[in-house]
Amino acid sequence: MSKASFPTRGLAAAGLGACMMIGQQAAADQVFLDDVIVDGSLCVGTDCVNGENFGFDTLRLKENNLRIKFLDTSNSGSFPSVDWQIVANDSSNGGLNYLAFQDDSTGRIPFRVEAGAPANSLYVEADGDLGIKTAQPVVDIHVVEGNTPTLRLEQDGSDGFAPQVYDIAANEANFFIRDVTNGSRLFFRAKPGAPEDSLYIDSTGEIGIGTDAPSEALHVRRSDGTATLYVQEVNGSVALRNLIKLDNNGEVGLRMQNTDTSDKWALATAGGGFIINGNGGAAEFTLGANGDLTITGSITTTGSCSIGCDAVFDADYDILPISARAQMMYDLGYLPNVGPTAEAGQYDLTKKVLGMLNELEHAHIYISQLNKRIEVLEEALATQAD
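Sequential numbering from 1 applies to the sequence shown in full-length UniProt numbering.
Listed below in structure tokens is the structure:
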């Protein structure tokens, strides 16, 4: 049988439905060496009064400093011996109103509930689900808040590491992670309605965007015709920047495939140069490191002949006499429609070819004119010989 031993200051006991009063008028402690049963309610504290109205209270603590002390008298090193205390409110003027559990061995309060906390501030359901501001948690931890429910993760520097604070939060605009320490930047955000598997990381570290079965380190998949990669640098200063960088211990390639046909094209480095290859076999386009270009097919340009390449054959084309054209050529130092060509400079190959075509047509017209003159001279010489 358990024993109860506790001090009282005046003990009154009545029958069924009565109460026991331990008040301040007692002059000496009373010790009971047997079980104590109170058939009624019990009031403890200096402010308990005779005729206390208990209502539905079974045990009432009543005075200006309310504490329940748990003194563990274990004196063996193998038994727990920490003393605890349940504290109701601060004792100092202007202190806090709260209910708390205090570790009396350290004076620390590991658990505290302030007065005025909203209903269901902390609610543990029968299955262990934890509700914060809700009495109906539907998952392991369920947080309800009228505006942006938030979880804060704060490293306070107490272990010697630099302080850092992150917030994980959500609202009608987005789910986000906020770097509170560094200007509250939202470095990660997801909008409501984002499609399934918008961002997926599988067990091998491969990342899927729009797919839960990524087949490459980064796999982007869409089914609405919008699968696009867009790299944008908005720095205000004009400068050459590598917006896509591909490094490999060996040749580097890009592959393009038309899944509606069997067409496959590859762009790759090769032997210090660059090639374009279609559907296997030899490269159709090879650009050497020295600038030499080899193309296995023909070159077709859409550039227009603004100088009128074949116009010299029109009846109304005003073609200069050969002597005047020759004088112009020598005065300029280049063929008029070809234009100047710097020894070490760049030039428009299409424009040069079209200009040369025009000059070639001029040359053939002049050759034709000279041939007619020769024919006339030959006839005149033949007449004189007769």
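Just so you know, even glycine gets a beta-carbon here, dropped at the ideal spot from N, CA and C.
Predicted, not measured: the structure shown is a model, and the values here were computed from it.
> Looking at Glu52 and the ligand ADP, is the gap between the Cβ and the nearest heavy atom below 7 Å?
Replying inline: Looking at this structure, you won't find the ligand ADP or any other ligand, since it has none at all.
>> In whole angstroms, give me the CA-to-CA distance for Ile365 and Ala282.
In response: Per the coordinates, the alpha-carbon of Ile365 lies some 43 Å from the alpha-carbon of Ala282.
> If you check the beta carbons only, do Asp57 and Ser41 fall under 8 Å apart?
Replying inline: Yes, the Cβ-Cβ distance between Asp57 and Ser41 is below 8 Å.
> For the candidate residues Asp314, Leu199, Arg222 and Val44, whose alpha-carbon lies nearest to that of Leu59?
Replying inline: Val44
> CB-CB under 6 Å to Val180, same chain, minus the five flanking residues each way: which ones, in chain order?
Replying inline: Val165 and Asp167
>> Quick check for students: name the residue ranges of the beta strand (DSSP E) that lie wholly in the region 255 to 289, counting only runs of 3 or more.
In response: 264 to 270, 273 to 278 and 285 to 287
>> The beta strand (DSSP E) that contains Lys69, what's its start and end?
In response: First-last of the beta strand (DSSP E) with Lys69: Leu66 to Phe70.
> For the alpha helix (DSSP H) that Glu361 lies in, which residues bound it at each end?
Replying inline: Leu349 to Ala385
>> Is it buried or exposed, Val231, if we count other Cβ atoms within 10 angstroms and call 16 or more buried?
In response: exposed
>> Rounded to whole angstroms, what is the Cα-Cα separation between Gly23 and Cys48?
In response: Note that Gly23 has pLDDT 47, beneath the 50 cutoff, so the model's placement of it is unreliable and the number below is only indicative. Near 6 Å, if we compare the C-alpha coordinates of Cys48 and Gly23.
>> Let me confirm a value: Glu359 is counted as buried when at least 16 other C-beta atoms fall within 10 Å, else exposed. Which label applies?
In response: buried
>> Assess contact between the region 272 to 281 and the region 315 to 322, defined as three or more Cβ pairs (one per stretch) separated by less than 8 Å. Is contact present?
In response: no
> With Asp104 and Asp83 assumed to form a contact (beta carbons below 8 Å), what rounded beta-carbon distance in angstroms separates them?
Replying inline: 4 Å
> Quick one: what's residue 399 bridged to in DSSP?
Replying inline: For residue 399 there is no data in the structure shown, the boundaries of the chain being 1 and 386.
>> On a Cα-Cα basis, can you pick out the residue from Asp197, Leu240 and Ala270 that is closest to Asn249?
In response: Ala270
> Among all the DSSP beta bridges, which residues are the ones paired with Thr150?
Replying inline: Ala169
>> When you compare the CB positions of Met328 and Pro340, do they come within less than 8 Å of one another, or not?
In response: no
> For the beta strand (DSSP E) that contains Ser323, what are its first and last residues?
Replying inline: From DSSP, Ser323 is part of no beta strand (DSSP E) but of the alpha helix (DSSP H) over Ile322 to Leu332.
>> So Leu354 and Ile307 are supposed to be a Cβ contact under 8 Å. How far apart are they, rounded?
In response: Contact between Leu354 and Ile307 holds, since their C-beta atoms are separated by about 7 Å, short of 8 Å.
> Where does Val238 land, buried or exposed, given buried means 16+ other C-beta within 10 angstroms?
Replying inline: Val238 is exposed by the Cβ-count criterion.
> How would you call Gly210, buried or exposed, if buried means at least 16 neighbouring beta carbons within 10 angstroms?
Replying inline: With 16 or more neighbouring CB atoms inside 10 Å of its own CB, Gly210 falls in the buried class.
> Considering only residues of the same chain and omitting the five flanking positions on each side of Phe187, which have a CB-CB separation below 7 Å?
Replying inline: Ile177 and Asp179
>> Using C-beta distances below 6 Å, list every residue in its chain close to Leu96, excluding the 5 sequence neighbours before and after it, in chain order.
In response: Asp90
>> On the DSSP letters alone, give me the boundaries of the beta strand (DSSP E) that Asn185 sits inside.
In response: It should be pointed out that residue 185 corresponds to Arg in this sequence rather than to Asn. Start and end: Arg185 to Ala190.
> Rounded to the nearest angstrom, how far is the Cβ of Pro149 from that of Ala170, given a contact under 8 Å?
Replying inline: 6 Å
> Where does Val312 sit, in a helix, a strand or coil, going by DSSP?
Replying inline: helix
> Are the beta-carbon atoms of residue 408 and Ser74 separated by less than 8 Å?
Replying inline: Because the chain in this structure spans residues 1 to 386, residue 408 falls outside the shown range and cannot be described.
>> I need the DSSP call for Val36, collapsed to helix, strand or coil.
In response: coil
>> Let's test the definition: count the other Cβ atoms within 10 Å of the Cβ of Val113 and tell me whether it reaches 16, buried, or not, exposed.
In response: By the 16-neighbour rule on beta-carbons within 10 angstroms, Val113 is exposed.
> Span of the beta strand (DSSP E) holding Gly160?
Replying inline: Counting along the chain, Gly160 falls outside any beta strand (DSSP E), and DSSP gives it neither H nor E.
> Would you report the Cα separation of Leu370 and Glu378, rounded to the nearest angstrom?
Replying inline: 12 Å
> Does DSSP put Phe175 in a helix, in a strand, or in coil?
Replying inline: In the structure shown, Phe175 sits in a strand (DSSP, three-state: E or B).
> By Cβ distance below 6 Å, which residues in the same chain neighbour Leu71 in space, the five residues on each side in sequence not counted?
Replying inline: Asp83
> Which value, in whole angstroms, describes the spacing of the CA atoms of Met21 and Val144?
Replying inline: With a pLDDT of 49 at Met21, under the threshold of 50, the modelled position of this residue cannot be trusted; read the value that follows with caution. Near 44 Å, if we compare the C-alpha coordinates of Val144 and Met21.
> Thinking C-beta only, is Gly278 closer than 8 Å to Trp265?
Replying inline: Cβ atoms of Trp265 and Gly278: closer than 8 Å.
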